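Enquirer:
See below:
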C-alpha cells in the first residue's frame, strides 16, 4: 500500500530534473543493455496494443505525484521531454510490513514504429526510525510492448535493475530486507497492470452487450476508480 505525495517545486525539482535527463540516456542505451542482460520478464498478453497502452498509462497515472494547483500535468513541470512522446512523475510513500519509504520516479513513453517503450529512473529513501542508519536505492527500468501475430495479442518484455547505497554502519540483514521489500514493490506494479487490463477487458465485453440487453451496474476503470455507466 502507499500514498501519492505532493510534488514540491522547491525540494523536488532538482531531483526530478536529473532523473528526467538520465532517462534519455537509458533509452538510447536500451538495446545494448537488454542485449547484455536479457529481458527478465517476457509475457504474451491477450490484448491489443491500443488497450495495453491505455491500461499502462492509466495505471501510471494512479501513482503519479500530486501536482501543485498551478501545474496542469507532469509535462508542465519544465522537465526535459527529449524525444519522448509523454512523461510522468511519481512521488510515493510506500508501506510494506512495518517499513515505509519514499520513491521518486520519472518515466517517459517513447512511441516507436513497431513497439511502445517505457523507460524510467527512480531514487528511493529508506530511513531507519530513531537511528542514523539510511539506505538509498536507485532503480533503472525498461519495458516495451510489441504487437503479436494477431490484432488481439501483445508481447511484453522488461528489465529492472536496482542498486543500493548505505551509511557505513548498515548491516547486511537490513540491506537484504530492503531489497526484499523492493522486489515486492516491483511485483506489485506488474500485478496492478494485469488487474487494470483484466478490468478493462471485462468492461469492454459488458459494454458490447448493452445494445442487445439491459446490463445493470456496468463499470469501467477510469483513472484507477470504478465508475457506473
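In full-length UniProt numbering, the protein residues as written are 1 to 229.
Cβ coordinates follow ideal geometry from the N, Cα and C atoms, glycine included.
Small disclaimer: the values here were computed from a predicted structure and weren't measured.
(1) Rounded C-beta distance between residue 142 and residue 135? I'm assuming under 8 Å.
(2) Looking at residue 28: is its Cβ nearer than 8 Å to the Cβ of residue 64?
(3) Give the C-beta separation of residue 175 and residue 166 to the nearest angstrom, bearing in mind that I take them to be a contact with Cβ-Cβ under 8 Å.
(4) DSSP three-state call for residue 75: helix, strand or coil?
(5) Looking only at DSSP bridge pairs, what is residue 140 linked to?
(6) What is the rounded straight-line gap between the Cα of residue 91 and the Cα of residue 6?
(7) In the DSSP assignment, find the beta strand (DSSP E) that holds residue 90 and state where it starts and stops.
(8) For residue 21, which residues does DSSP report across the bridge?
(9) Reducing DSSP to helix, strand and coil, say where residue 111 ends up.
(10) Specify the secondary structure class of residue 195 as computed by DSSP and reduced to three states.
(11) Just tell me which of 157, 118, 201 has its CA closest to the CA of residue 42.
(12) Among the residues of its own chain, which have a CB less than 6 Å from the CB of residue 163, if the five just before and after it don't count?
(13) To the nearest angstrom, how far is it from the Cα of residue 229 to the Cα of residue 22?
(14) Among 191, 188, 159, 173, whose alpha-carbon lies nearest the alpha-carbon of residue 37?
(15) To the nearest angstrom, how far is it from the Cα of residue 202 to the Cα of residue 108?
(16) What does residue 2 pair with, by DSSP beta-bridge criteria?
(17) Indicate the three-state DSSP secondary structure (helix, strand or coil) for residue 70 in the structure shown.
(18) Assign residue 95 to one of two classes, buried (16 or more other C-beta atoms within 10 Å of its C-beta) or exposed (fewer than that).
(19) Please say whether residue 193 and residue 59 have beta carbons closer to each other than 8 Å?
(20) For residue 98, count neighbouring Cβ atoms within 10 angstroms of its own Cβ and tell me buried if that reaches 16, exposed if not.
(21) Give a yes or no on whether the minimum CB-CB distance between residue 43 and chain B is below 8 Å.
(22) Whole angstroms is fine: what's the gap from residue 18's alpha carbon to residue 105's?
Expert: Let me spell this out:
(1) Taking the chain shown and counting its residues from 1, the one referred to as residue 142 is at position 142. Taking the chain shown and counting its residues from 1, the one referred to as residue 135 is at position 135. About 24 Å separates the two Cβ atoms, so there is no contact after all.
(2) As a position in the chain shown, residue 28 is number 28, starting the count at 1. As a position in the chain shown, residue 64 is number 64, starting the count at 1. No.
(3) For the purposes of this step, residue 175 is identified with residue 175 of the chain shown, where counting begins at 1. For the purposes of this step, residue 166 is identified with residue 166 of the chain shown, where counting begins at 1. Rounded, the Cβ-Cβ distance is 6 Å, consistent with contact.
(4) Reading the chain shown from its first residue, position 75 is the one you call residue 75. The answer is helix: DSSP assigns residue 75 an H, G or I state.
(5) Position 140 of the chain shown, counted from the start, is the residue given in the question as residue 140. Beta-bridge pairing links residue 140 to 121, 161.
(6) Counting from one through the chain shown, the residue named residue 91 turns up at place 91. Counting from one through the chain shown, the residue named residue 6 turns up at place 6. C-alpha separation (whole angstroms): 7 Å.
(7) Mapped onto the chain shown, residue 90 falls at position 90. 86-96 is the extent of the beta strand (DSSP E) around residue 90.
(8) In the chain shown, residue 21 corresponds to position 21, counting from 1. DSSP output for residue 21 lists no bridge partner at all.
(9) Numbered from its first residue, the chain shown carries residue 111 at position 111. Strand at residue 111.
(10) Translated into the one-based positions of the chain shown, residue 195 becomes position 195. Three-state result, residue 195: helix.
(11) For this step, residue 42 is matched to residue 42 along the chain shown. Minimum Cα distance to residue 42 is reached at 157.
(12) The residue given as residue 163 occupies position 163 in the chain shown. The residues are 138.
(13) Position 229 of the chain shown holds residue 229. Position 22 of the chain shown holds residue 22. A caution first: residue 229 carries a pLDDT of 24, below 50, which makes its placement in the model too unreliable to give a value.
(14) By 1-based counting over the chain shown, the position of residue 37 is 37. Out of 191, 188, 159, 173, 159 has the C-alpha closest to the C-alpha of residue 37.
(15) As a first step, residue 202 must be located in the chain shown, where it is residue number 202. As a first step, residue 108 must be located in the chain shown, where it is residue number 108. If you take the alpha carbons of residue 202 and residue 108, they lie about 28 Å apart.
(16) The residue given as residue 2 occupies position 2 in the chain shown. Note: residue 2 sits in a beta bridge opposite 94.
(17) Here residue 70 refers to the residue found at position 70 when the chain shown is read from its first residue. Looking at residue 70 - three-state DSSP - the assignment turns out to be coil, as it is neither helix nor strand.
(18) Taking the chain shown and counting its residues from 1, one reaches residue 95 at position 95. Exposed, because fewer than 16 other Cβ atoms sit within 10 Å of the Cβ of residue 95.
(19) Along the chain shown, one-based indexing puts residue 59 at 59. Along the chain shown, one-based indexing puts residue 193 at 193. Yes.
(20) As a first step, residue 98 must be located in the chain shown, where it is residue number 98. By the neighbour-count rule (16 or more Cβ atoms within 10 Å), residue 98 is not buried but exposed.
(21) Within the model displayed, chain B is absent; a lone protein chain is all it includes.
(22) As a working note, residue 18 is residue 18 in the chain shown. As a working note, residue 105 is residue 105 in the chain shown. Taking the straight line joining both Cα atoms gives about 11 Å.
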